[in-house]
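Here's the structure, in structure tokens; my notes come after.
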Amino acid sequence: MLGLLFRSGWHAMAELYLVRHGQASFGTDDYDRLSAVGEQQAVWLGEYFARQGLAFDRVICGTLNRHTQTLAAILRGMGRKDIACDRHPGLNEYDFHGLFAAAASDYPALAQLAAGSMKDYFRALRQLLQLWSEDKLGPAAPETWAQFQQRVADARAAIRDGGGQRVLAVSSGGPIAVTLQQVLAAPPSSAIALNLQIRNSSISQYFFNAEAFHVASFNGIPHLEDPERHAFRTYG
Numbered sequence: 009m010l011g012l013l014f015r016s017g018w019h020a021m022a023e024l025y026l027v028r029h030g031q032a033s034f035g036t037d038d039y040d041r042l043s044a045v046g047e048q049q050a051v052w053l054g055e056y057f058a059r060q061g062l063a064f065d066r067v068i069c070g071t072l073n074r075h076t077q078t079l080a081a082i083l084r085g086m087g088r089k090d091i092a093c094d095r096h097p098g099l100n101e102y103d104f105h106g107l108f109a110a111a112a113s114d115y116p117a118l119a120q121l122a123a124g125s126m127k128d129y130f131r132a133l134r135q136l137l138q139l140w141s142e143d144k145l146g147p148a149a150p151e152t153w154a155q156f157q158q159r160v161a162d163a164r165a166a167i168r169d170g171g172g173q174r175v176l177a178v179s180s181g182g183p184i185a186v187t188l189q190q191v192l193a194a195p196p197s198s199a200i201a202l203n204l205q206i207r208n209s210s211i212s213q214y215f216f217n218a219e220a221f222h223v224a225s226f227n228g229i230p231h232l233e234d235p236e237r238h239a240f241r242t243y244g
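Whatever position you read off the sequence shown (first residue = 1), add 8 for my numbering.
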């Protein structure tokens, strides 16, 4: 209904399916690669797109390995191999390792907390992101919060201006959260809270044209709704 509403307007609106990468390899020496779970999540997502009859006339993703691996698995699930992909660094995640390193001298308790359980890690990450958004990490941070916000906005502009009526974009939790925050003109604190809720391989859907983006859904996992797949609902 929402799609029909937007298409019935004076200016037809394009669709964006903004997908978070599948589960990465948290706790290993190389986080930036999909786990077996993440690979399966992405294949199932592609199968879901195929069942829905969704075809994308433009594909864009970040430059990280977990983005390209997720896209490849989605396309496998769709039975497609012939879709060219644009790359945009604005879809890349913030450098959380670099941010923790920048906080180490002034906020040593954060690293100690992050070394605990996964729950402790996400508590530490929330505190770290709050400090970062308040410009409290100093010049050692790999980028400022404002720079992060700007590159996410640049990626959204590239999606808006790049053509295509149905666009698939593969990104990470941080840029996906900031995209919604910017579209809703919400405060930075909302992006931090949203970031920690975004599930692996989830879909956020937008309608857009040259003037505006409108959110239609956020953080959906229709391909993981089957009870047998609930164990594949992850956040890392």
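C-beta: ideal position from N, C-alpha, C; glycine also.
If you're wondering where the values come from, they're calculated on a predicted model, not measured in any experiment.
Open item on the list: Can you give me the C-alpha to C-alpha distance between F64 and R159, rounded to a whole angstrom?
Closed with: F64 and R159: Cα-Cα distance of roughly 24 Å.
- [ ] Out of S197, R207, S113 and Y214, state which residue places its alpha-carbon closest to the alpha-carbon of A148.
- [x] For A148, the nearest C-alpha among the options comes from S113.
TODO: Pick out whichever of F104, V51, A185 and M21 has its Cα sitting closest to the Cα of L232.
DONE: If you compare the alpha carbons of F104, V51, A185 and M21 with that of L232, the shortest gap goes to V51.
Open item on the list: Rounded to the nearest angstrom, what separates P183 and I82 at their Cα positions?
Closed with: 20 Å
Open item on the list: Rounded to the nearest angstrom, what separates L192 and S198 at their Cα positions?
Closed with: 10 Å
Task: Inter-residue spacing [alpha-carbon to alpha-carbon] between L121 and Y115 - done: 11 Å
Open item on the list: Excluding the 5 residues flanking S27 on each side, which residues of the same chain have their C-beta closer than 6 Å to its C-beta?
Closed with: In the sequence as presented, Ser is not what sits at residue 27; that position holds Val. Contacts found: V178 and I211.
- [ ] Check each candidate in R164, Q173, K127 and M126 and name the one with the smallest Cα separation from H96.
- [x] It is R164.
Task: Option nearest Y39 by Cα separation, candidates Q77, R237, H222 and Q138 - done: Q77
Task: Pairwise C-alpha distance: E23 and L53 - done: Spanning the two alpha carbons is a distance of roughly 17 Å.
Task: Three-pair Cβ contact test at 8 Å for the region 133 to 153 versus the region 56 to 72 - done: Touching, no, given that fewer than three Cβ pairs across the two stretches are closer than 8 Å.
Open item on the list: Let me confirm a value: A154 is counted as buried when at least 16 other C-beta atoms fall within 10 Å, else exposed. Which label applies?
Closed with: Classification of A154: exposed, given that the 10 Å Cβ count is below 16.
Task: Under 8 Å between C-beta atoms of F156 and Y243 - done: Going by C-beta atoms, F156 is not nearer than 8 Å to Y243.
Task: Which listed residue (R131, Q213 and G30) has its alpha carbon closest to that of L204 - done: Among R131, Q213 and G30, the Cα nearest to that of L204 belongs to R131.
Task: Closest Cα partner of L99 within the set I91, H75, A109 and G30 - done: H75
TODO: Name, in chain order, the residues that DSSP records as bridge partners for F34.
DONE: F34 is not bridged to any residue.
- [ ] Since I believe N227 is in contact with I206 (beta carbons under 8 Å), could you give me their beta-carbon distance rounded to a whole number of angstroms?
- [x] 6 Å
Task: Buried versus exposed call for F215 [16 or more other C-beta atoms within 10 Å across all chains shown] - done: That one is buried.
- [ ] For S209, count neighbouring C-beta atoms within 10 Å of its own C-beta (all shown protein chains included) and say buried if the count is 16 or more, exposed if not.
- [x] buried
- [ ] Would you identify the three-state DSSP class for R241, choosing helix, strand or coil?
- [x] coil
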